[in-house]
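Visitor: In the order they appear, the protein sequences are chains Y and L. Just remember that our numbering sits 7 ahead of the position in the first sequence, which is counted from 1. Just remember that our numbering sits 7 ahead of the position in the second sequence, which is counted from 1.
Protein chains: 2
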Amino acid sequence: MRYCWHVSLRERKRARTRQALVDAATRLFETQGYEGTTIADIAAAAEIGTRTFFSYFATKEDLLFPEAEDRLRAALDAIAARDPGDRPAEVLLIALRHVGEASDEIVSPLAALRLELISTVPSVRGRGLQIQQDAQLEIARHLAAAFPDELDVVGAAALTGAFVGAVTGALQALFDQPDGRGPAELRAAMQAAVAQTLAPWMDER
Amino acid sequence: MRYCWHVSLRERKRARTRQALVDAATRLFETQGYEGTTIADIAAAAEIGTRTFFSYFATKEDLLFPEAEDRLRAALDAIAARDPGDRPAEVLLIALRHVGEASDEIVSPLAALRLELISTVPSVRGRGLQIQQDAQLEIARHLAAAFPDELDVVGAAALTGAFVGAVTGALQALFDQPDGRGPAELRAAMQAAVAQTLAPWMDER
DNA sequence: AAGGATTACTGCACTCAGTGCGGAAATGCA
DNA sequence: TGCATTTCCGCACTGAGTGCAGTAATCCTT
Numbered sequence: 008m009r010y011c012w013h014v015s016l017r018e019r020k021r022a023r024t025r026q027a028l029v030d031a032a033t034r035l036f037e038t039q040g041y042e043g044t045t046i047a048d049i050a051a052a053a054e055i056g057t058r059t060f061f062s063y064f065a066t067k068e069d070l071l072f073p074e075a076e077d078r079l080r081a082a083l084d085a086i087a088a089r090d091p092g093d094r095p096a097e098v099l100l101i102a103l104r105h106v107g108e109a110s111d112e113i114v115s116p117l118a119a120l121r122l123e124l125i126s127t128v129p130s131v132r133g134r135g136l137q138i139q140q141d142a143q144l145e146i147a148r149h150l151a152a153a154f155p156d157e158l159d160v161v162g163a164a165a166l167t168g169a170f171v172g173a174v175t176g177a178l179q180a181l182f183d184q185p186d187g188r189g190p191a192e193l194r195a196a197m198q199a200a201v202a203q204t205l206a207p208w209m210d211e212r
Numbered sequence: 008m009r010y011c012w013h014v015s016l017r018e019r020k021r022a023r024t025r026q027a028l029v030d031a032a033t034r035l036f037e038t039q040g041y042e043g044t045t046i047a048d049i050a051a052a053a054e055i056g057t058r059t060f061f062s063y064f065a066t067k068e069d070l071l072f073p074e075a076e077d078r079l080r081a082a083l084d085a086i087a088a089r090d091p092g093d094r095p096a097e098v099l100l101i102a103l104r105h106v107g108e109a110s111d112e113i114v115s116p117l118a119a120l121r122l123e124l125i126s127t128v129p130s131v132r133g134r135g136l137q138i139q140q141d142a143q144l145e146i147a148r149h150l151a152a153a154f155p156d157e158l159d160v161v162g163a164a165a166l167t168g169a170f171v172g173a174v175t176g177a178l179q180a181l182f183d184q185p186d187g188r189g190p191a192e193l194r195a196a197m198q199a200a201v202a203q204t205l206a207p208w209m210d211e212r
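#1: Whole angstroms are fine: how far does the CA of residue 105(L) sit from the CA of residue 78(L)?
#2: For a contact defined as C-beta to C-beta under 7 angstroms, what are the partners of residue 140(Y) on chain L?
#3: Can you check which of these residues, 115(L), 144(L), 118(L), 38(L), is closest to residue 169(L) by C-alpha distance?
#4: What residues of chain Y sit near residue 167(L), judged by a beta carbon separation below 7 angstroms?
#5: Is there at least one Cβ from chain Y nearer than 8 angstroms to residue 152(L)'s Cβ?
#6: Any beta-carbon of chain Y closer than 8 angstroms to the one on residue 188(L)?
#7: So the alpha helix (DSSP H) residue 182(Y) belongs to, where does it begin and stop?
#8: What does residue 102(L) touch in chain Y if you count any residue whose Cβ is under 9 angstroms from its own?
#9: Between residue 24(L) and the rest of its own chain, which residues show a CB-CB distance below 6 angstroms, the 5 nearest in sequence each way excluded?
#10: I'd like to know if the segment 184–200 of chain L and the segment 128–136 of chain L are in contact, where contact means that at least 3 CB-CB pairs between them fall below 8 angstroms.
#11: Quick check on the burial criterion: 16 or more other C-beta atoms within 10 angstroms. Buried or exposed for residue 98(Y)?
#12: Just to confirm before moving on: does the CB-CB distance between residue 166(L) and residue 204(Y) stay below 8 angstroms?
#13: Return the Cβ separation of residue 164(L) and residue 135(Y) in integer angstroms, given the expectation that the two are a contact with Cβ distance under 8 angstroms.
#14: Quick one, are the C-beta atoms of residue 95(Y) and residue 157(Y) less than 8 angstroms apart?
#15: Between which two residues does the alpha helix (DSSP H) holding residue 154(Y) run?
#16: Restricting to Cα atoms, I'd like to know which of 93(Y), 80(Y), 92(Y), 209(Y) is closest to residue 108(Y).
#17: Please state whether the Cβ-Cβ distance between residue 161(L) and residue 181(Y) is less than 8 angstroms.
#18: With distance defined between alpha-carbon atoms, name the residue in 174(Y), 91(Y), 208(Y), 121(Y) nearest to residue 198(Y).
#19: The segment 63–90 of chain L: which residues have C-beta closer than 8 angstroms to a C-beta of chain Y, in chain order?
#20: Quick check on the burial criterion: 16 or more other C-beta atoms within 10 angstroms. Buried or exposed for residue 64(L)?
#21: Give me the Cα-Cα distance between residue 37(Y) and residue 186(Y), rounded to the nearest whole angstrom.
#22: By the 10 Å Cβ neighbour count, where 16 or more other Cβ atoms means buried, how is residue 124(L) classified, buried or exposed?
#23: By the DSSP assignment, the alpha helix (DSSP H) with residue 104(L) in it spans what residues?
#24: I'd like the list of long-range same chain contacts for residue 10(L), defined as Cβ closer than 6 angstroms, with 5 residues on each side in sequence excluded.
#25: Quick check on the burial criterion: 16 or more other C-beta atoms within 10 angstroms. Buried or exposed for residue 39(Y)?
#26: Output the boundary residues of the alpha helix (DSSP H) element that contains residue 60(Y).
#27: Grab me the residues of residue 154(Y)'s own chain with a C-beta within less than 7 angstroms of its C-beta, minus the 5 sequence neighbours each way, in chain order.
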């Protein structure tokens, strides 16, 4: 039995190695490109065996989404902490904001790299969409649980899908047109389009 | 120069081989499973060389989405043929109905298999989402072009994303709960949830 | 109908992601 | 210190996907 206040050596070491892998991958992807970097390269740079890599990340793509679980948890917590008066769509928006919060680290090297690779490397985009969809379903489940009188799981999933889809669609369109806008402008343009799209939901009552 | 009414031998043969590949893959996936079937198996069953497979389909996953382009084209045509009085959301719904039309062939062996593999094999789901997102963006572009006064590309993408997201989310939630409902019931449940979710948009004015 | 030009087919050798296995090393715990 | 449990990691392997180069099929012109 492990005492809960004790973070074992193993856990610390594991977290350190995991971070080392992400850092090494970020650096190598930036210098050699995604396809030009092999898993063997990354493992070597993080000073572990190639085989061991796969006990930290299941696939090469997953290196680019290391905080996916944390973000999801933040969103679920936000749903659980809803104010009693709020309506589902409002709670959902707050939760989604928590997910996007981490993309305030658009400044972070990893996040910037991720955005580039998503629009560049098909397999990365595919993995990202998968992760997004899984998170969506989980959020929908919790949302339905938080509003048992007003939503069932399918309805909650439709609502969540609509909101996430609006954001994702706007972002995709923005990144598709090759203008030289900075991150802040992109963000503003996206928020404007999404706000207008979702307006019919938010302003009733 | 080729005369437009002439379908060359090459094209006919190519289409036949392509169909043979899809048929062989469908059969093999059903009997041996997706992972249990190699591309070499499929190529052999369609009587072509393994190497030649890749001049028909870029990846193994693409075998499961052979009519993706046709469906997209149908949706785009529907947008182009809009009635002058229609509002964007209505046209979009009509277009999306054209995309889904092909899934009326839920009866078709391929469509049924696809649904199963999407919820079973990660790479298949990833590819499906990718195709979906690409189609979304293309639809948004044409929608924006069809309503130049009311939508820009980003706004159209947000709208399209919201609608597609609602459908996709509802479907995902439905297929996730392991009840024994038939295709017709699933369809009905999905449509109900989506209709309710999108109601705030449709009933204004 | 025959010619050369173009395009498709295919085998070969190769890279790389990812897996199963088994032994060796590190860690946790008493 | 000693023993149980994880973790690490090399090895051998499968299967997807690519580049290349030679051969076969199709096309088009005359």
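Quick reminder that beta carbons are idealized off the backbone N, C-alpha and C, glycines included. Keep in mind that this is a model prediction, so the values were computed, not measured.
Guide: Taking the definition as stated:
#1: 7 angstroms
#2: 136, 179
#3: 144(L)
#4: 176
#5: no
#6: no
#7: 160–183
#8: Under the 9 angstroms cutoff, chain Y gives no residues; its nearest Cβ is about 14 angstroms from residue 102(L).
#9: none
#10: no
#11: buried
#12: yes
#13: Residue 164(L) to residue 135(Y), Cβ: 17 angstroms. No contact.
#14: yes
#15: No alpha helix (DSSP H) holds residue 154(Y); DSSP gives it neither H nor E.
#16: 80(Y)
#17: yes
#18: 174(Y)
#19: none
#20: buried
#21: 22 angstroms
#22: buried
#23: 95–108
#24: Note that residue 10(L) scores a pLDDT of 36, beneath 50, so its modelled location is shaky; the value from the coordinates is reported in the next line. None.
#25: exposed
#26: 57–60
#27: 95
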